[in-house]
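Top to bottom, those sequences are chains A and B.
Residues in the first sequence are numbered from 1 upward in steps of one, following UniProt numbering.
Residues in the second sequence are numbered from 1 upward in steps of one, following UniProt numbering.
Here is the structure we will look at, set down as structure tokens.
Number of protein chains: 2
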Amino acid sequence: MRDIKEKILHHEYPKMKLPDERSLSEIYGISRSSVKRALDVLVQQGIIFKKRGSGTFINPLYLKNRAMFRYEGSNLGITDSFRLDGKKQGIQLLNYRVIPASKEIQQDLFLNENDYVYKIERLRLIDEQPFMIETGYIPIKILPSLSPAVLQKSIFNYLENAKGKQVTRSYLTLTVEPSNTADQKLLKLNENEPVGVMAGVFFLDDGTPFEVSNMRVHYKYMRFNTFVSVGRD
Amino acid sequence: MRDIKEKILHHEYPKMKLPDERSLSEIYGISRSSVKRALDVLVQQGIIFKKRGSGTFINPLYLKNRAMFRYEGSNLGITDSFRLDGKKQGIQLLNYRVIPASKEIQQDLFLNENDYVYKIERLRLIDEQPFMIETGYIPIKILPSLSPAVLQKSIFNYLENAKGKQVTRSYLTLTVEPSNTADQKLLKLNENEPVGVMAGVFFLDDGTPFEVSNMRVHYKYMRFNTFVSVGRD
DNA sequence: AAGTGGTCTAGACCACGCG
DNA sequence: GCGTGGTCTAGACCACTTT
């Protein structure tokens with residue numbers, strides 16, 4: 001997959017068409033099924049598309065306008081899902097305590113009756129400008145040692161560096177709401193200025209639900225790019 | 001896949017856990033590979049998640065979020081992307097004319113200097129309730145015959161039924177804005193009630209950019225579910 | 001050690017598009 | 001008719017979790 005992607009970017013398929021799957025399987029010395037798995041990922045990323053009976057083609061738009069497609073579902077979490085290019089990020093810890101997991105959170109994180117979670121409220125800033133209020137719930141059994149110092153930085157980075165665990169997926173619901181008084185105060189909004197809300201669960205690479213998060217985002221900073229493809233139901 | 005989805009929605013897996021893949025393959029009399037393909041789609045849709053060594057679990061958030069109108073990663077287009085379970089949809093044509101494509105639209109739709117596009121403004125309703133203002137630009141050369149009658153219904157369906165072309169992908173940017181006076185009037189919003197904006201391009205299955213669209217959605221009807229996974233590059 | 005998902009294989013047969 | 005992608009099979013072996 002990596003090799004084919006490279007070749008596409010380096011224009012090594014001048015006819016905008018890939019070799020057929022059976023040839024690719026021979027070229028790379030792998031089974032056709034494996035070729036299919038690889039190509040299906042590229043389809044998902046919008047890089048190629050397949051036409052039954054005709055072949056597999058490179059999406060010209062991907063080459064012409066790579067910037068447009070570059071989210072590629074490959075950015076996740078706060079640290080890089082917002083366009084922070086070179087801007088200075090800040091985190092202000094608003095509140096932080098350990099509480100018993102509510103019924104709802106138990107359900108979302110697959111916890112038991114007597115499991116505890118951190119409740120973490122943070123204000124995120126970019127270039128001194130507050131742009132997001134984040135409320136997160138993390139099971140203490142996943143991160144038994146979480147200090148305020150760590151919470152001033154990216155929890156995801158901490159997880160990866162200190163624990164070798166990666167946050168690889170999230171299931172988020174995006175909605176829109178008028179701002180409430182807390183939003184207005186913390187995010188410096190007027191009464192008629194709204195927030196975007198991203199709420200959901202983050203998962204570790206092994207599938208463990210890791211955090212329930214609710215993010216209220218200043219509307220000017222709320223921007224979400226998505227490449228949608230039709231599913232066959 | 002359909003059967004399992006049904007069972008999930010009808011809470012027929014009370015432990016939030018599916019049978020293991022080998023059992024499913026026996027239950028349905030299919031190979032384990034086929035079970036995997038089916039489950040992988042449900043994973044992609046954020047309905048379930050898998051934990052190697054443990055099993056396959058239902059995403060509790062998915063059940064919670066089965067609210068009214070959803071725009072899912074797996075569905076596209078207006079007609080079926082919003083889950084309109086039994087509700088009556090309406091379309092009101094606000095405005096409709098042919099204009100030269102602006103520079104920006106030329107770029108987005110890969111048009112030439114002197115190409116023309118339809119500019120189509122429509123108000124969408126659900127159960128008599130207006131919920132979205134839609135402004136679309138479509139090249140006349142793709143749909144030379146577009147009548148107001150067609151515009152009262154789904155353009156995507158028309159494309160598929162009359163022209164045999166399918167809209168299979170879109171690239172959308174989601175943002176949040178305070179409502180303007182036009183929004184307030186058409187969508188029956190108060191001054192401090194916002195709209196969600198979905199703007200982007202729709203593509204045909206052969207990769208042709210087909211429509212530039214801007215959708216302003218009543219905030220109560222704006223709900224976007226997304227399952228993000230980190231790409232392995 | 002047993003159970004569960006992850007990856008991969010080598011092939012069969014089907015459905016679609018095109019010459 | 002032939003070449004192409006689509007679907008499916010029946011298994012092998014690996015990696016991780018739980019008992």
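Ideal placement from N, C-alpha and C gives every residue a C-beta, glycine not left out.
Fair warning: this is a prediction, and the values are worked out from it, not measured in the lab.
Is there a C-beta anywhere in chain A that falls below 7 Å from the one on Glu21(B)? Not one chain A Cβ lies under 7 Å of Glu21(B).
Range of the contiguous beta strand (DSSP E) that encloses Thr208(B): Element bounds for Thr208(B): n/a, residue is neither H nor E.
Nearest residue (CA-CA) to Phe57(B), options Val98(B), Arg22(B) and Pro14(B): Pro14(B)
Chain-ordered residues of the stretch 173-194 of chain B with a beta carbon less than 9 Å from chain A: Thr173, Leu174, Thr175, Val176, Glu177, Pro178, Ser179, Asn190, Glu191, Asn192, Glu193 and Pro194
Check whether the Cβ of Phe202(A) lies closer than 7 Å to any Cβ atom in chain B. no
Could you list which residues in chain A have their beta carbon closer than 8 Å to that of Pro209(B), in chain order? Leu61
Can you name the residues of chain A whose CB is closer than 8 Å to the CB of Met132(B)? Residues of chain A passing the Cβ test: none, with the nearest at roughly 13 Å.
Between the alpha carbons of Ser31(A) and Ser23(A), how many angstroms are there, rounded? 10 Å
Looking only at its chain, what residues have a beta carbon closer than 8 Å to the beta carbon of Tyr96(B), apart from the 5 residues adjacent to it on each side? If we look at Tyr96(B) and ignore the five residues flanking it on each side, its Cβ neighbours are Tyr118, Lys119, Ile120, Glu121, Pro148 and Leu151.
Where the stretch 214-228 of chain B meets chain A: residues whose CB sits under 7 Å from a CB there: Tyr219, Met222, Arg223, Phe224, Asn225, Thr226, Phe227 and Val228
Leaving out five residues on either side along the sequence, give the residues of the same chain with a beta carbon under 7 Å from the beta carbon of Met1(B). If we look at Met1(B) and ignore the five residues flanking it on each side, its Cβ neighbours are Ala38, Val41 and Leu42.
Can you tell me whether Ile140(A) is helix, strand or coil according to DSSP? coil
Can you give me, in chain order, the residues of the stretch 149-172 of chain A that have a beta carbon less than 7 Å from any beta carbon in chain B? Thr168, Arg169, Ser170, Tyr171 and Leu172
Tell me whether Tyr116(A) is buried or exposed, calling it buried when 16 or more other Cβ atoms sit within 10 Å of its Cβ. exposed
Judging by CA-CA distance, which residue of Gly164(A), Lys50(A) and Val35(A) is the nearest neighbour of Leu204(B)? Lys50(A)
As a quick exercise: from Gly55(A), Leu186(A), Thr181(A) and Thr168(A), pick the residue whose alpha carbon is nearest that of Glu128(A). For the residues Gly55(A), Leu186(A), Thr181(A) and Thr168(A), the minimum Cα distance to Glu128(A) belongs to Leu186(A).
Per DSSP, the bridge partner or partners of Thr173(B): Asn225(A) and Ala199(B)
Is the CB-CB distance between Val212(B) and Tyr158(B) below 7 Å? no
How far does the beta strand (DSSP E) with residue 234(B) in it extend, from its first residue to its last? It is not possible to answer for residue 234(B), since the shown part of chain B is limited to 1 through 233.
Could you work out which residue in Thr208(B), Gln166(B) and Lys64(B) is closest to Leu111(B) when comparing CA atoms only? Thr208(B)
Which value, in whole angstroms, describes the spacing of the CA atoms of Pro144(B) and Val98(B)? Computed Cα separation, rounded: 11 Å.
How about Asp183(A) and Leu174(A): do their beta carbons lie closer than 7 Å? no
What is the rounded straight-line gap between the Cα of Ala199(B) and the Cα of Phe227(A)? 12 Å
Give a single yes or no on whether Thr135(B) has its beta carbon closer than 6 Å to a heavy atom of the ligand HEM. Annotation note on the ligand HEM: not contained in the displayed structure, which lists no ligands.
In or out: Pro100(A) buried (at least 16 other Cβ within 10 Å) or exposed? Exposed.
Mapping DSSP to helix, strand and coil, what is Glu160(A)? Looking at Glu160(A) - three-state DSSP - the assignment turns out to be helix.
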